[in-house]
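A short worksheet on the structure shown next.
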Amino acid sequence: MPGRIWRRISEVLAEALNGWLRKFPAWPIYIVAPLPAVFLFWQGVAGTLGPDPVRAIEQQTGLYALQLLIAGLAVTPLRRFAGVNLLKFRRAIGIMAFSYVALHLSTWLVLDMGLYLSQALGDVVKRPYITLGMAAFLMLVPLVATSNDRALRRLGALRWRKLHRLTYPAAVLAAVHFVWLVKAWPLQPFLYLGAVVGLLALRVKPKRRAPDAARGAVSP
Amino acid sequence: MRRTASRLTWADVTPKAAFLNRRSLIAGAAGLALASPALAKLSYVKSRYSTDAAPNSFEDITSYNNFYEFGLGKEDPAENAGALTVDPWSVAIDGLVEKPGNYDLADLLKGVALEERIYRFRCVEAWSMVVPWIGFPLSQLLDRVGVQPGGKYVAMETLVRPKEMPGQASAILDWPYREGLRLDEAMHPLTILATGLYGEEMPKQNGAPIRLVVPWKYGFKSIKSVVRISLTDKEPQTTWNMQNPNEYGFYSNVNPEIDHPRWSQATERRIGAGLFGGRQPTLMFNGYGDEVAGLYAGQDLAKDF
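Structure (structure tokens):
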């Protein structure tokens, strides 16, 4: 049957990819992922980000944060449905996602709002899209604080995993924050929201699974 | 900065005839057809309505635009507006006017004394610029075509030409872009039709060849690339109000006390101020209160936002 052949091919490919990925450590992510931010700020200081460098940095750090959140959410479905195992990179991806969220927030607070801290605080309370963004940030704080082996041991795997499901609402809020802040209805924010919702939907396990559904591709 | 300096040199030192002559020589040398779309220098007088604030650079003004006909990004208009045909250009003037018709742009500008109006420009998105527009009061045109006694509002429309305006391929807004003013706002001496900036013909991304500029209102009221001016007896529909009536009112006067539902309007960021430019307080009527506050005497600006 062609279906079986394809499944076999994808298994072989996933195996090869996993074997290759095993050779890579996770630590280079901590060096490579910050590079775009360094470049962005360097451009901002050099004056090559166009007429409004503040807005450019604000938007770009927000986009990187969303992209990294989505990358983190993609790890489990990739393992489950494609057999590709990126689990050992997930902590680094998550910590980098948080770093970009923090950078995005600081850019808004320091460069965009300037010294108008009371207006900034007022906006956090009064402007729903800023409230959502801030809520997403706060949800990620306990996650970054427990993104280490010690915290994992202390909490126990079960509680740790439960806590880290906060990523789900945080990613949804972050994407809605994007949809809500733009004028009119451009496509791009919806693509991000769609990616988040799609990756979360893949986690919903059907109550009664057909005996052979989605079994073939489970990783060893 | 550099641009400002060169502008002063041109205007103050070089006689226009010599300048034009030189330009034609350059164009000739470049082989006319190949010459880049050199913008013609306009002759104009200064105006007492100009602010003494330093204008933004030509670069800022022409590379940071909201002109959804050419895309949603601020850089899109500069990238995509090049294909727009601005000559020939005609403007339909209709509705409650004495002399309706399709006017060629050259006819509209015949005998008009262009002025430089350096205005503050405040976008509803809470950023601002200072722009040295070249234009003339809308009231002059309305006087020439004659407003009938029943005319109470002025409605305007932007060109619809999806072939040259790629943004119109999507229904992001209900094209054509529409804007409007109450007649007294339209007749106010601060309200101009602009045909240029920095002493040159209007760059396409800024609304060539002719656009409205109403400096005490949020930028989206200053409709670009105008092809229709109608005098009506009823408040006309306006694009952003149609899009989201809770967020964008017909008046849309700059007002630091009336927040946009999704962001504060109390302060603004000056484009061109750089990475650490911070914010400055937004002024009532964008600082033109002395001139225009009287137009709204007795009106509740929280209701008529």
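Protein sequence lines, in the order shown, are assigned to chains Z and H.
Just remember that the numbering used here sits 175 ahead of the position in the first sequence, which is counted from 1.
Just remember that the numbering used here sits 325 ahead of the position in the second sequence, which is counted from 1.
Even for Gly, the Cβ is constructed at its ideal location relative to N, Cα and C.
Being a predicted model, the structure only gives us computed values, none of them experimental.
- Contact of Asp401 of chain H with chain Z is not assigned, every C-beta pair being separated by 8 Å or more.
- Contacts with chain H (Cβ-Cβ distance below 9 Å) from the stretch 297-323 of chain Z involve Gly297, Asp298, Lys301, Arg302, Pro303, Tyr304 and Ile305, listed in chain order.
- Contact residues of the stretch 600-613 of chain H toward chain Z are Leu600, Phe601, Gly602, Gly603 and Arg604 (C-beta to C-beta distance below 8 Å).
- By the C-beta density criterion, Thr223 of chain Z is exposed, having fewer than 16 other C-beta atoms within 10 angstroms.
- For Arg595 of chain H, the enclosing beta strand (DSSP E) begins and ends at Thr592 to Arg595.
- Residue nearest to Leu262 of chain Z within the set Z:Ala376, Z:Trp283, Z:Pro200 and Z:Val213 is Z:Pro200 (criterion: CA-CA distance).
- Annotation: Tyr275 of chain Z to Val319 of chain Z spans about 12 Å, alpha carbon to alpha carbon.
- Looking at the backbone, the Cα of Ala326 of chain Z and that of Trp335 of chain Z are separated by about 8 Å.
- Bridge pairing for Tyr478 of chain H: H:Arg507 and H:Thr557 [DSSP].
- Asp385 of chain H belongs to the set of residues whose beta carbon lies under 8 Å from a beta carbon in chain Z.
- For Gly597 of chain H against Asn381 of chain H, the beta-carbon gap comes to about 5 Å, under 8 Å, which counts as contact.
- In this chain, the alpha helix (DSSP H) harbouring Phe264 of chain Z covers Leu262 to Ser281.
- Under the three-state reduction of DSSP, Met527 of chain H is assigned to coil, being neither helix nor strand.
- In this structure, H:Val552 is the residue among H:Val552, H:Tyr502, H:Gln530 and H:Ala496 with its C-alpha nearest to the C-alpha of Ser415 of chain H.
- For Met454 of chain H, the enclosing beta strand (DSSP E) begins and ends at Trp452 to Pro462.
- Inter-residue distance for Gly396 of chain H and Glu404 of chain H is about 9 Å (C-alpha atoms, whole angstroms).
- Within the same chain, and ignoring the five residues on either side of Thr592 of chain H in sequence, the residues whose Cβ sits closer than 8 Å to its Cβ are Ala451, Pro581, Arg604, Gln605, Pro606 and Thr607.
- In the structure shown, Ile497 of chain H falls within a coil segment according to DSSP collapsed to helix, strand and coil.
- Under the Cβ distance rule, Ile548 of chain H does not count among the residues neighbouring chain Z, no pair being separated by less than 8 Å.
- In terms of Cα proximity to Val579 of chain H, the closest of H:Gly544, H:Glu526, H:Ile386 and H:Ile443 is H:Gly544.
- Taken through DSSP and simplified to helix, strand or coil, Val379 of chain Z comes out as coil.
- For chain H, the residues of the stretch 259-288 of chain Z that bring a beta carbon within less than 8 Å of one of its beta carbons are Leu286, Asp287 and Met288, in chain order.
- Between Gly505 of chain H and Leu421 of chain H, the gap from beta carbon to beta carbon reaches 8 Å or more.
- Counting C-beta pairs with one atom in each stretch, the stretch 507-515 of chain H and the stretch 485-497 of chain H have fewer than three that are closer than 8 Å, which means they do not touch.
- Contact between Ala378 of chain H and Arg445 of chain H holds, with the beta-carbon distance rounding to 7 Å and staying under 8 Å.
- In this structure, Phe365 of chain Z and Val354 of chain Z form a Cβ contact; the two beta carbons are roughly 6 Å apart against a cut-off of 8 Å.
- Contacts with chain Z at 8 Å (Cβ-Cβ) include Gly597 of chain H.
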